[in-house]
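Numbering-wise (this note's numbering), the sequence shown opens with residue 80 and increments by one. Don't be surprised by glycine CBs; every beta carbon is placed ideally from N, CA and C. The structure displayed is predicted, hence computed values, not measured ones. A quick write-up on the structure given underneath.
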Amino acid sequence: MSEATVRKATRDDHEDVRAFTEDTWADRSVGDYVPEVFPQWVDADGEDQRTVVADVDGSAVGVCQATVLSPWEGWLQGMRVHPDHRGAGIGAAMVETLFEWCHDRGIRTARNMVFSWNGAGMGNSRATGFDPAIEARWAEPIPDAGADPSLTPVEDPDAAWAHYHGSDAYDRLGGLWTDPGESWSLSAATRERLAGLEDGRPLALQDDAGTRASTARVRVEERDTKDGSERTAVYGFSAWEDPAAAAALLSAIAADAASVDADATRVLIPETARSVSDVAAARVPISDEPIFVFAADLTGR
Numbered sequence: 080m081s082e083a084t085v086r087k088a089t090r091d092d093h094e095d096v097r098a099f100t101e102d103t104w105a106d107r108s109v110g111d112y113v114p115e116v117f118p119q120w121v122d123a124d125g126e127d128q129r130t131v132v133a134d135v136d137g138s139a140v141g142v143c144q145a146t147v148l149s150p151w152e153g154w155l156q157g158m159r160v161h162p163d164h165r166g167a168g169i170g171a172a173m174v175e176t177l178f179e180w181c182h183d184r185g186i187r188t189a190r191n192m193v194f195s196w197n198g199a200g201m202g203n204s205r206a207t208g209f210d211p212a213i214e215a216r217w218a219e220p221i222p223d224a225g226a227d228p229s230l231t232p233v234e235d236p237d238a239a240w241a242h243y244h245g246s247d248a249y250d251r252l253g254g255l256w257t258d259p260g261e262s263w264s265l266s267a268a269t270r271e272r273l274a275g276l277e278d279g280r281p282l283a284l285q286d287d288a289g290t291r292a293s294t295a296r297v298r299v300e301e302r303d304t305k306d307g308s309e310r311t312a313v314y315g316f317s318a319w320e321d322p323a324a325a326a327a328l329l330s331a332i333a334a335d336a337a338s339v340d341a342d343a344t345r346v347l348i349p350e351t352a353r354s355v356s357d358v359a360a361a362r363v364p365i366s367d368e369p370i371f372v373f374a375a376d377l378t379g380r
């Protein structure tokens, strides 16, 4: 077998990539997004994004993408290798190429995300230079225009930031939030980024004692489905003082999501017994599996 060469992806690679990614998790009731998004990835590549493939004898047998999230943070995603070529170091070669690409752009920390059930993905992450960072999960309150939170929601970025920054959730999430720009990615939360949300909404839930909970809608995503399209309101973080404040926050999120005609929500919460059980106690749906975020230090490259 010829040695793989890592190169920039092109639209001509789509059929090869589709062939080895359409059944990535055949043993689970979850599809792979890569076959659908690959053409958009290639079209959007530029100074702040790079998609690569591993080429063997003119055929793409691996794929991975890196994107710049901030002046110092990068995100790697979609690493896939054809089953017939696994174990040959192809994943490591693609990641190494993208680490160098990130470093050349001033990126000093690169992260990725793996669902907890994906043992192969976690193993690949560790083998290619990523270390464990944080554990999280998604709360999924149903949009509801009639939701009536017991605390008053105030659109105040400073109050929301002060509450989140001082919370246990901030510590558990390593100071991260769902990135406002790149879907399914996490980056460092800052007061400036929170206050500067263009299409988002920071919320502080308050009573006479002060701020009791906080969150921020960072964007609304729209995707095509079999039945048309679905709008998902994405909330970058969530923090609360007690179960009652959690219930109020999730109610406020349901109302806020309805105000932007969302069909669904995705709310980042820490993967802790307290956080997950508080959401469950509020009778709010929650994702079946936690996510693991890994990070690679690129400063010494």
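Please list the terminal residues of the continuous beta strand (DSSP E) segment that includes Tyr-314. The residue you call residue 314 lines up with position 235 of the sequence shown. Counting along the chain, Tyr-314 sits inside the beta strand (DSSP E) bounded by residues 307-319.
Taking buried to mean at least 16 other C-beta atoms within 10 Å of its own C-beta, is Gln-119 buried or exposed? Position 40 of the sequence shown, counting from 1, holds the residue named residue 119. Around the beta carbon of Gln-119, fewer than 16 other beta carbons lie within 10 angstroms, which makes this residue exposed.
Hey, quick one: how far does the beta strand (DSSP E) through Asp-303 stretch, first residue to last? For the purposes of this step, residue 303 is identified with residue 224 of the sequence shown, where counting begins at 1. Asp-303 -> beta strand (DSSP E) spans 289-304.
Once DSSP output is grouped into helix, strand and coil, what is the label at Asn-197? Here residue 197 corresponds to residue number 118 of the sequence shown, with the count starting at 1. Asn-197 falls in the coil class under three-state DSSP.
What residue range is occupied by the uninterrupted beta strand (DSSP E) comprising Leu-255? On the sequence shown, residue 255 is found 176 positions in, with the first residue counted as 1. Start and end: 255-257.
Could you give the DSSP three-state label for Phe-99: helix, strand or coil? Position 20 of the sequence shown, counted from the first residue, corresponds to residue 99. The answer is helix: DSSP assigns Phe-99 an H, G or I state.
Alpha carbon of Val-193 to alpha carbon of Met-201, nearest angstrom: Here residue 193 refers to the residue found at position 114 when the sequence shown is read from its first residue. Here residue 201 refers to the residue found at position 122 when the sequence shown is read from its first residue. Val-193 and Met-201: Cα-Cα distance of roughly 6 Å.
Tell me the rounded alpha-carbon separation between Ala-295 and Leu-276. Residue 295 sits at position 216 when you count from the first residue of the sequence shown. Residue 276 sits at position 197 when you count from the first residue of the sequence shown. If I take the Cα positions, the gap works out to 9 Å.
Own chain partners of Val-355 with C-beta closer than 8 Å, once the 5 adjacent residues on each side are dropped: Taking the first residue of the sequence shown as 1, we reach residue 355 at position 276. Short of 8 Å from the beta carbon of Val-355, and not among the five residues preceding or following it, lie these beta carbons of its own chain, in chain order: Arg-216, Ile-348 and Ile-365.
Restricting to Cα atoms, I'd like to know which of Asp-111, Glu-261, Trp-256 and Thr-344 is closest to Leu-273. In the sequence shown, counting from the first residue as 1, residue 273 sits at position 194. Minimum Cα distance to Leu-273 is reached at Trp-256.
Note down, in chain order, each residue of its chain lying with its Cβ closer than 6 Å to the Cβ of Asp-286, except the 5 sequence neighbours on either side. On the sequence shown, position 207 is the one that residue 286 refers to. Taking Asp-286 as the centre and dropping the five residues before and after it, the same chain places the C-beta of Leu-230 closer than 6 Å to its C-beta, in chain order.
What alpha helix (DSSP H) runs, 4 residues minimum, are completely inside the region 156-221? Taking 4 residues as the minimum length, the alpha helix (DSSP H) runs contained wholly in the region 156-221 are 169-183 and 198-206, in order along the chain.
Can you tell me which of Arg-159, Gly-260 and Tyr-243 puts its alpha carbon nearest to the alpha carbon of Leu-252? Here residue 252 corresponds to residue number 173 of the sequence shown, with the count starting at 1. Out of Arg-159, Gly-260 and Tyr-243, Tyr-243 has the C-alpha closest to the C-alpha of Leu-252.
Determine the contact status of His-182 and Arg-310, defining contact as a CB-CB distance below 8 Å. Position 103 of the sequence shown, counted from the start, is the residue given in the question as residue 182. Position 231 of the sequence shown, counted from the start, is the residue given in the question as residue 310. In this structure, the beta-carbon distance from His-182 to Arg-310 does not fall below 8 Å.
Look at the alpha carbon of Phe-99 and the alpha carbon of Asp-340, and state the distance between them as a whole number of angstroms. Along the sequence shown, one-based indexing puts residue 99 at 20. Along the sequence shown, one-based indexing puts residue 340 at 261. Roughly 36 Å separates the two Cα atoms.
Going by DSSP, what residue range makes up the beta strand (DSSP E) through Ala-341? Start at 1 with the first residue of the sequence shown, and residue 341 comes out as number 262. Segment: none, Ala-341 is in no beta strand (DSSP E) and carries neither H nor E.
Label Gly-367 either buried or exposed according to how many other C-beta atoms from any shown protein chain fall within 10 Å of its C-beta, with 16 as the threshold for buried. Residue mapping note: residue 367 aligns to position 288 of the sequence shown, counting from 1. Per the sequence presented here, residue 367 reads as Asp, with Gly not at that position. Asp-367 sits exposed, since fewer than 16 C-beta atoms from the chains shown fall within 10 Å of its C-beta.
With distances taken from CA atoms, which of Glu-350, Trp-263, Gln-128 and Val-299 is nearest Thr-344? By one-based count along the sequence shown, residue 344 stands at place 265. Nearest Cα to Thr-344 within the set Glu-350, Trp-263, Gln-128 and Val-299: Val-299.
To which residues of the same chain is Arg-291 closer than 6 Å at the C-beta, ignoring the five residues directly before and after it? Taking the first residue of the sequence shown as position 1, residue 291 is located at position 212. Taking Arg-291 as the centre and dropping the five residues before and after it, the same chain places the C-beta of Leu-230, Leu-284, Glu-320 and Ala-324 closer than 6 Å to its C-beta, in chain order.
Closest by C-alpha distance to Asp-102, when choosing among His-161, Val-135 and Ser-246: Reading the sequence shown from its first residue, position 23 is the one you call residue 102. Of the listed residues, the one whose Cα sits closest to Asp-102 is His-161.
If you scan the region 217-247 from start to end, which runs of the beta strand (DSSP E) of 3 or more residues do you find wholly inside it? List check, beta strand (DSSP E) in window: 231-233.
Let me know if Ala-361 comes out buried or exposed under the rule of 16 or more other beta-carbons within 10 Å of its beta-carbon. On the sequence shown, residue 361 is found 282 positions in, with the first residue counted as 1. Buried, since its Cβ has 16 or more Cβ neighbours within 10 Å.
Report the three-state DSSP secondary structure of Ser-366 (helix, strand or coil). The residue you call residue 366 lines up with position 287 of the sequence shown. Reduced to three states, the DSSP call for Ser-366 is coil.
Could you tell me the distance, in whole angstroms, from the CA atom of His-93 to the CA atom of Arg-184? The count along the sequence shown starts at 1 and reaches residue 93 at position 14. The count along the sequence shown starts at 1 and reaches residue 184 at position 105. Distance between the alpha carbons of His-93 and Arg-184: 27 Å.
Residues bridged to Asp-286 by DSSP? In the sequence shown, counting from the first residue as 1, residue 286 sits at position 207. According to DSSP, which records beta bridges pairwise, Asp-286 is partnered with Gly-289.
Assuming the contact rule is C-beta atoms closer than 8 Å, Cys-143 and Val-131 should be a hit. Round their C-beta distance to whole Å, please. For the purposes of this step, residue 143 is taken as the residue at position 64 of the sequence shown. For the purposes of this step, residue 131 is taken as the residue at position 52 of the sequence shown. Cys-143 to Val-131, Cβ: 6 Å. Contact.
As assigned by DSSP and simplified to three states, the class of Pro-150: As a first step, residue 150 is located in the sequence shown; it is residue number 71 there, counting from the start. Reduced to three states, the DSSP call for Pro-150 is coil.
Closest by CA to Ser-338, which one among Val-358, Leu-265, Tyr-314 and Pro-222? Locating residue 338 in the sequence shown gives position 259, where the first residue counts as 1. Checked all of Val-358, Leu-265, Tyr-314 and Pro-222; the closest Cα to Ser-338 is Pro-222.
Tyr-249: which of Asp-210, Ala-318 and Ala-375 sits nearest, CA to CA? Against the sequence shown, residue 249 aligns to sequence position 170. Among Asp-210, Ala-318 and Ala-375, the Cα nearest to that of Tyr-249 is on Ala-318.
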